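Residue numbers (my numbering), protein chains in the order written: chain A, 1 to 446; chain B, 1001 to 1292. All residues carry an ideal CB built from backbone N, CA and C; glycine is no exception. From a predicted model like this one, the values you see are computed outputs, not experimental measurements.
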């Protein structure tokens, strides 16, 4: 009897160990796949010598690509497959693409470890803010002379160029503000707000009709940070155009733009509960299901929202900072860009892939499928209604080019806003902390 | 002489495989870390600027680092008490059972086999979804707390998950010790009319003192380096309210200003603290061994 019990517990343990071992194995497999690049040339040579009779043996190439948006894994996998087929049929090159998409939280650290560890992916996405740093470290190829350079819109090209050199291929260029549920707005007879007073009124009416105005999802620090991105952007571009330059010259302060807290307070006080326990994806799903009328989140969340609720009738408006309409602006920015590693063993194929991303025929379907906005002349598709709504602001001149703050300051804003939400810091402490952080970043970048 | 030398060589050969692995993955990173901690490297650029001890000087005035150190110390002390008490109670409870010992032992030890990062995400789901469901639908309103957002409850959540993870391991050590307590001592005590509490306090506990020492130092050592539980549960937030030293180091190295050199200097400080604990541990255990 006792033996039997021992056997049972032993078996449970073994099953558990095996399942853990299985997990470990699959993880190893992926890392093997990426290491395999270095092995392929030998492997092909061996094959060639063995089967010398067959003349048209295709050249075998492995490309490793790392991207930071796992939510578009399906679209990009399909696109890579298309590229593999195209290369095989047109150029007799057998390309095998290893596409990796670590979660965006850890993406930068994974990428940096790979770059410094001599295990660099051939192509990788980086945020446009980081182009300069990566270029200085010698990790980007100049794409100015490639065919793709002629296709990108000029105003987008500016956001990814340093010293007139095109260093990365823009992928995601967005005009974004606040997402709102058009059906709820219609049911309440509301118009999109253009000033802070109007926003206050919108919140009041929504609450009277039994709706929660804002959806708050603050578990991940980058989400509350979007509030400072929009409010500082609007305030600075509308009223204090030299603020950022002065900040970089240690000659400015967040106290000059302290009225951004007006709108931040409105959002936080009129939001859903349990914000700290809500992740960004869960927030998108809840917004899609009508839990709140507005969601301070970029149009990049539209994929999740539309998947959750295909009937969703969504719009975008510019976040008002105060009662000055000149500061109520849409953010126009390039976030994700694709860079090519200059020391890649298969640089020619890597460049071919970069060009293929803006292929005359295939590119539109990819960009449309991911919900990205047109960034080049080859993109001739109908964009979704909310994107059009955002671009109406851009066409009316009511947009600003995304402000490039030091990364440390952006991170700090997210952290402090979390603390502000739970009541651990005051506005004055935030201003002081951000000023200090900005000066520290200035000092370190010298 | 030659015989002795040959013996030495063969001994070295036996040690070599383990030593080579140890050298490559432990010793080499440690010593290169000492070098990196004196540079202003950003983890990306190809030249590493040597700046001597400037990083260490800066640590002294780094408020966030010391705040995270304070948090870690608080965490270590609470874990030390909570985890060891639970583990000892469980060990005694299971050892005193005559039936189904193996099953309980396996059950309680299981969380220890799961990587804490997975455990952390599982518990994250429980704290942010399951508990609220219970509170909203089953009327268990005492669960309706901000488990991740309120620093007080976030700390509690971290303690719960960490204890869940390590108690099984400590329990096994205690159980091994309990099995070494001679049964005749306890029997004779009970014949003399000792209650079970008295015989635990006067006989069992002194006999398992050495395992207590091991467990305490093991908890001290490993809890000072806590990272995965907090990373997957609260991410150090809200803000920096639940940031441990290891998370602070990770942030310094991989986010914000990306200061590898400075982060390595911080981890050197953490290393020194853990080293100190280990040295004390070894000397204390040596003394204990001589007493026995």
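Interface annotation, residue 1139(B): not in contact with chain A, CB-CB separation never under 8 angstroms.
Taking each of 1234(B), 1268(B), 1232(B), 1237(B) in turn and checking the Cα distance to residue 1249(B), the smallest one comes out for 1268(B).
As a beta-bridge residue in DSSP terms, residue 179(A) pairs with 295(A), 316(A). Close CB contacts of residue 337(A) within its chain, under the 7 angstroms cut and outside five residues either way in sequence, are with 125, 126, 128, 131, 160, 168, 169, 170, 171 (chain order). DSSP places residue 1238(B) in the coil class of the three-state scheme, outside both helix and strand. DSSP places residue 124(A) inside the beta strand (DSSP E), whose first and last residues are 123–127. Taken in chain order, the whole alpha helix (DSSP H) runs of length 4 or more contained in the stretch 249–312 of chain A are 260–269, 280–288, 302–308. Straight-line spacing of the CA atoms in residue 240(A) and residue 1256(B) works out to 25 angstroms.
Remark: C-beta atoms of residue 1120(B) and residue 1192(B) do not approach each other more closely than 8 angstroms.
The continuous alpha helix (DSSP H) containing residue 1209(B) extends over residues 1209–1223. Annotated three-state conformation of residue 214(A) is strand, per DSSP. Closest option to residue 1085(B), judged by alpha-carbon separation, among 1205(B), 1262(B), 1281(B), 1283(B): 1205(B). Residue 401(A) and residue 120(A) have their C-alpha atoms roughly 31 angstroms apart.
Residue 264(A) and residue 421(A) have their C-alpha atoms spaced approximately 10 angstroms apart. In the DSSP annotation of this structure, residue 1179(B) is not part of any beta strand (DSSP E); the continuous alpha helix (DSSP H) holding it starts and ends at 1151–1179. Contact between residue 412(A) and residue 446(A) does not hold, since the beta-carbon distance rounds to 19 angstroms and is not under 8 angstroms.
Taken in chain order, the complete alpha helix (DSSP H) segments of 4 or more residues contained in the stretch 98–165 of chain A are 104–116, 131–136, 154–159. Within the DSSP secondary-structure output, residue 66(A) pairs in a beta bridge with 100(A), 124(A).
According to the DSSP secondary-structure assignment, residue 170(A) is paired through a beta bridge with 337(A).
A straight line joining the alpha-carbon of residue 136(A) with that of residue 1004(B) spans about 58 angstroms. Boundaries of the alpha helix (DSSP H) around residue 1231(B): 1228–1233.
With a minimum length of 4 residues, the unbroken runs of alpha helix (DSSP H) contained wholly in the stretch 1090–1139 of chain B fall at 1101–1109, 1116–1125, 1131–1137. In the structure shown, residue 446(A) falls within a coil segment according to DSSP collapsed to helix, strand and coil. In the structure shown, residue 362(A) adopts coil according to DSSP, grouped into three states. The shortest C-alpha to C-alpha distance from residue 60(A) to any of 95(A), 334(A), 84(A), 68(A) is the one to 95(A). Cβ neighbours of residue 1217(B) within its own chain (closer than 6 angstroms, five residues either side excluded): 1281. Per DSSP, the beta bridge partners of residue 94(A) are 60(A).
At a cut-off of 8 angstroms between beta-carbon atoms, residue 75(A) makes no contact with chain B. Note on geometry: alpha-carbon atoms of residue 68(A) and residue 166(A) lie some 21 angstroms from one another. Here the C-alpha atom of residue 1015(B) lies approximately 38 angstroms from the C-alpha atom of residue 1075(B). Excluding five sequence positions before and after residue 183(A), the CB atoms of its chain that fall closer than 6 angstroms to its own CB belong to 313, given in chain order.
In this structure, residue 1158(B) lies near residue 1233(B), with their beta-carbon atoms less than 8 angstroms apart. The beta carbons of residue 1261(B) and residue 1030(B) sit about 16 angstroms from each other, so the pair does not count as a contact at 8 angstroms.
Only 407, 408, 411, 415, 416, 418, 419 from the stretch 407–420 of chain A bring a Cβ to less than 7 angstroms from some Cβ of chain B.
From the beta-carbon of residue 1128(B), the residues of chain A found nearer than 7 angstroms are 277. Residue 1136(B) is outside the set of residues whose beta carbon lies under 8 angstroms from a beta carbon in chain A.
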